[in-house]
Structure formats: C-alpha cells, structure tokens
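Worksheet for the structure shown next.
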Amino acid sequence: MSGVLLPAFESFAVERDNGAAGEDFALMGLGRGGQQVARARDVYGKAVETLVELASLQTTFVILDDVVKVVNRRVNAIEHVIIPRTENTIKYINSELDELHREEFYKLKKVQGKKQRDSEENDKATAKRGLELAEKGHGDAEGGDDVLGDAKDEDVIF
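Taking the working numbering, I'd label the letters of the sequence shown as residues -11 to 146.
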C-alpha cells in the first residue's frame, strides 16, 4: 500500500576472535564435539535469521491489516453515509428545480391567457366602435371627415 511505512528487521552476528592461537573448535573435546558445537552455532544463526525475517513479515502483516481495516471503514462510510446524503441532496435540488419550472410554466400560461383575453376584448371593442360609426353614416370607420383637407379650398391672397 502506498503511504504506509513498513519496518524491516535485520539480523546481525558478532564476529569473535578465536583466541590468540587462532584455534577453531574443530578439535575440541572427545568425539569431535567441537564440530558439533560449530554446526549448532551455524544452525542457531540460520534460525535467528529466519526468526527475524518472520518477525519482520508478521509486523508487516499486522500493520497492513490495521491499514486495510481503516480503509474499509472509510469505504463503508463513503458507501453508506456520504453517497446517500449526496444523492438525497441531488434529489431535493432536482425536485425544487422541477417545482420552479412548473411555477414558471403556470405563470407563463396565465400571462398568455390574459394577453389573449385582452386582445379579444380590444378586437371586440374596435369592431363595436366600427359598427357604431358605420351606423352613423360615416364612410371611414376611423374618423369620418378628411383630416388632411383633400377638399378644395379657396386660395388666400395677401
């Protein structure tokens, strides 16, 4: 796992002098007991190295187990707490946006209906006024007399 520090144990052996004469244990004792002691020392050294390696692996496994538990807790918190809260928030926001959309649509329909009613009322009023003017005998439904004065006037001389 990245970001996790794992300890690594190492074994070390202290080298000893075999004495001033430089003798080995090979010839010590009866029946070559010195060889047996040397062999036991070698086996013991290998056993210690193996134990140190096992201790290192066990420590690594314990640390990784703890890290995996922490990560699993975080994953469970995300899956069962954070994601549902976020989904609920998204649902709430969507429902509010839908409600606002419905309100806007309703207002728009009301305004269109009012404009249409006003337009129909204006058309009816204009038609009614035109009929009234036509009944009075005016040729033009808008004003009756010629406003621009197309009729011939006498010239005025000063």
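Where is the CB? At the ideal position from N, CA and C, for every residue including glycine.
For residue j and residue i, the rounded distance between their alpha carbons
{"i": "residue 36", "j": "residue -1", "result": "7 Å"}
{"i": "residue 54", "j": "residue 81", "result": "39 Å"}
{"i": "residue 147", "j": "residue 2", "result": "Only positions -11 to 146 of the chain appear in the structure, and residue 147 is not among them; the question remains open."}
{"i": "residue 124", "j": "residue 117", "result": "11 Å"}
{"i": "residue 119", "j": "residue 112", "result": "10 Å"}
{"i": "residue 115", "j": "residue 104", "result": "16 Å"}
{"i": "residue 50", "j": "residue 34", "result": "24 Å"}
{"i": "residue 24", "j": "residue 38", "result": "21 Å"}
{"i": "residue 69", "j": "residue 52", "result": "25 Å"}
{"i": "residue 10", "j": "residue 56", "result": "Its pLDDT being 41, under 50, residue 10 is placed unreliably by the model, and nothing is read from it."}
Range of the contiguous alpha helix (DSSP H) that encloses residue i
{"i": "residue 68", "result": "Looking at the DSSP string, residue 68 is not in any alpha helix (DSSP H), and its letter there is neither H nor E."}
Residue i versus the options, residue with shortest Cα-Cα distance
{"i": "residue -3", "options": "43, 108, 24, 97", "result": "43"}
{"i": "residue 46", "options": "90, -9, -5", "result": "-5"}
{"i": "residue 48", "options": "-8, 143, 109", "result": "-8"}
Same chain only: Cβ atoms within 6 Å of residue i, ignoring 5 sequence neighbours per side
{"i": "residue 76", "result": "none"}
Residue ranges of each alpha helix (DSSP H) within the segment 47 to 106, 4 or longer: none
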